[in-house]
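Working notes, beginning with the structure itself.
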Amino acid sequence: INRATLINLLILSNARTIYEFSDSGGYRGAFGSWTGQWYINWRAGQPAVVTLKPHDSHSPATDVYPPTFPARVDRCVQMMAGVVADAAAPESFSVAFPGRLAPGHYRLKHQKNGFGLSHGSRHIYNMNGGKVFEIDFLFPHPMDEFDVQESGKNARGGEDAFQFLLPSLTGERNVTLHVIPQDIATLRKALDRLPWANLSWSMHRGMRDILMHVAAESMDQYRVELAQHLRDAAQTYHAKLVSSGWDSDFAKHQMGEMAASAVLAGRGNSGDAVRIVTALAEQIHSVHGGTTQQRDTTSFWGNIHESPRSSLGPSDIVALVKVFVLEWSQEFNYQMYHQLPINLLFG
76 INRATLINLL ILSNARTIYE FSDSGGYRGA FGSWTGQWYI NWRAGQPAVV
126 TLKPHDSHSP ATDVYPPTFP ARVDRCVQMM AGVVADAAAP ESFSVAFPGR
176 LAPGHYRLKH QKNGFGLSHG SRHIYNMNGG KVFEIDFLFP HPMDEFDVQE
226 SGKNARGGED AFQFLLPSLT GERNVTLHVI PQDIATLRKA LDRLPWANLS
276 WSMHRGMRDI LMHVAAESMD QYRVELAQHL RDAAQTYHAK LVSSGWDSDF
326 AKHQMGEMAA SAVLAGRGNS GDAVRIVTAL AEQIHSVHGG TTQQRDTTSF
376 WGNIHESPRS SLGPSDIVAL VKVFVLEWSQ EFNYQMYHQL PINLLFG
């Protein structure tokens with residue numbers, strides 16, 4: 076297999092890094108995933124070998140989840156590369172996000188068709204068949220001390236009041252991203268165009284940082300109500316859940332409470348929890364005729380500040396659950412392909 080295929084297999088199975096080691100003698104890496112443990116071993120001068128070992132913690136006798144669920148390779152690639160596109164009309168909205176930045180102040184600038192001019196995930200997106208020249212780019216323009224002072228003056232005048240405090244490459248929250256209102260609207264639209272998924276993402280951390288910051292206030296405002304909707308859905312749609320492969324006793328007694336607890340937790344690291352929450356949200360949405368394609372596009376985030384909800388509808392629940400999936404997703408180092416040969420053996 077080639078290295079692009081390997082990375083697709085990793086992100087499709089929601090892989091996360093256990094360890095990586097690379098030097099002049101070669102490369103070794105291990106990755107945990109939903110399907111098992113991935114191992115890569117490449118000694119200098121020898122073929123690189125990839126192996127997958129199934130989990131020893133899963134058993135058909137004790138698993139309460141359906142044995143299969145859908146996953147879309149193209150959407151996994153987009154989330155890994157930091158790209159959000161309108162599923163129905165990508166030519167109308169396709170935007171790529173910057174990665175994590177060095178500490179400092181930056182102004183976000185929307186560059187039309189700018190992804191192909193950027194440095195970072197465009198290479199891996201190209202390797203997977205993406206057309207980078209079709210994608211806009213949110214460029215983080217470095218600001219000097221004078222720019223920061225001028226931005227502060229404008230902020231006091233109400234022209235530029237949005238400043239995001241984000242994690243930097245050092246892990247501390249010492250990146251300040253200055254965002255004009257027009258680009259705030261772009262970020263909210265990106266939230267509404269997040270693809271639907273049944274499992275957490277192995278994703279682009281820069282995009283995750285920015286979108287979670289934009290969504291945080293409204294997500295917390297509706298978190299308790301969302302948890303209750305999911306708790307109720309486990310009882311209301313019990314028969315449908317069982318027919319789709321969920322264990323009957325689990326769906327009746329534990330599923331709803333686990334979903335509510337996961338949502339109320341705010342963040343976590345469990346693919347099991349994501350499968351539970353997304354399954355309940357799908358039942359709520361599909362009983363009203365909703366499809367996967369319709370779940371890819373919502374309108375909640377675009378107008379929630381102007382039109383607060385007195386109660387959540389099915390599409391609103393989908394929009395919130397897509398952000399919940401972000402909260403429970405894992406960062407993925409797409410740059411790992413630089414450390415691998417173009418072709419590997421899968422054994």
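Quick note on the working numbering: the sequence shown kicks off at 76 and runs consecutively. Where is the CB? At the ideal position from N, CA and C, for every residue including glycine.
query: Three CB pairs or more closer than 8 Å across the stretch 301 to 319 and the stretch 369 to 380; result: no
query: Residues bridged to Arg103 [DSSP beta-bridge criterion]; result: Phe96 and Asn116
query: Phe59 in three-state terms, based on DSSP; result: With the chain represented from 76 up to 422, any question about residue 59 goes unanswered, as that position is not in the structure.
query: C-alpha gap between Gln388 and Ser361, whole angstroms; result: Per the sequence shown, the amino acid found at residue 388 is Gly instead of Gln. Cα to Cα, the separation comes out at about 12 Å.
query: Cβ-based neighbour list, Val349, same chain, cut-off 7 Å, excluding 5 preceding and 5 following; result: Leu274, Ser275, Val400 and Trp403
query: Where His180 falls: helix, strand or coil (DSSP); result: strand
query: The stretch 105 to 125 / the stretch 233 to 252 touching (three or more Cβ pairs under 8 Å); result: no
query: Asp284, buried or exposed, once every other Cβ within 10 Å from all chains shown has been counted against 16; result: buried
query: Span of the beta strand (DSSP E) around Pro256; result: No beta strand (DSSP E) contains Pro256, which is instead part of the alpha helix (DSSP H) from Pro256 to Asp267.
query: For His198, three-class secondary structure by DSSP; result: helix
query: Cutoff 7 Å; reference Pro16; Cβ partners in own chain excluding five residues on either side; result: Because residue 16 is not part of the residues shown, which for the chain are 76 to 422, the question remains open.
query: Segment limits, beta strand (DSSP E) that includes Ala123; result: Element bounds for Ala123: n/a, residue is neither H nor E.
query: Which of helix, strand or coil DSSP assigns to Arg147; result: coil
query: Residue from Gln329, Arg280, His253 and Gly111 whose Cα sits closest to the Cα of Phe246; result: Contrary to the premise, residue 246 reads as Gly rather than Phe in this sequence. Nearest of Gln329, Arg280, His253 and Gly111 to Gly246, Cα basis: Arg280.
query: Complete runs of the alpha helix (DSSP H) confined to the stretch 291 to 342 [at least 4 residues]; result: 313 to 318, 323 to 328 and 330 to 340
query: Of the listed residues Leu420, Ala136, Gln414 and His133, nearest to Glu95 (C-alpha basis); result: Gln414
query: Met154 to Leu266 span [Cα, whole Å]; result: 12 Å
query: Alpha-carbon to alpha-carbon, Ala309 and Met282; result: 32 Å
query: Same chain, Cβ closer than 7 Å to Asp324, five either side skipped, listed in chain order; result: none
query: Contact the stretch 198 to 207 vs the stretch 172 to 186: 3+ CB pairs below 8 Å; result: no
query: Reduced DSSP category for Asn78 - H, G, I as helix; E, B as strand; rest coil; result: In the sequence on display, residue 78 carries Arg and not Asn. Three-state DSSP puts Arg78 in a helix.
query: Beta carbon of Leu244 nearer than 7 Å to that of Ala290; result: no
query: Spatially closest choice to Gly174 from His304, Phe190 and Arg298, by CA coordinates; result: Phe190
query: Enclosing beta strand (DSSP E) for Leu244 [first to last residue]; result: Careful: Leu244 lies outside any beta strand (DSSP E) and carries neither H nor E.
query: Beta-carbon proximity list for Leu419, same chain, < 8 Å, skipping 5 on both sides; result: Ile76, Asn77, Arg78, Leu81, Ile115, Trp117, Pro122, Ala123, Val124 and Val125
query: Met278 - partner residues in DSSP beta bridges; result: Glu406
query: Limits of the alpha helix (DSSP H) - the one that Ala354 falls within; result: Gly346 to Ser361
query: Proximal residues to Ala162 (C-beta, below 8 Å), its chain only, five neighbours per side dropped; result: Arg268, Pro270, Gln368, Asp371 and Thr372
query: Cβ neighbour criterion (16 or more within 10 Å) applied to Asp391; result: buried
query: Chain-order list of residues whose beta-carbon lies under 7 Å from that of Val352 (same chain, five-residue window excluded); result: Leu305, Ala334, Ala337, Val338, Val396 and Phe399
query: For Asp131, three-class secondary structure by DSSP; result: coil
query: Phe375, enclosing alpha helix (DSSP H) - first and last residue; result: Phe375 to Asn378
query: Reduced DSSP category for Asp222 - H, G, I as helix; E, B as strand; rest coil; result: helix
query: Helix, strand or coil at Ser169 [DSSP, three-state]; result: strand
query: Buried or exposed (CB count within 10 angstroms, at least 16 for buried), Ile86; result: buried
query: Test item: CB-CB of Phe212 and Ser193 under 7 Å; result: yes
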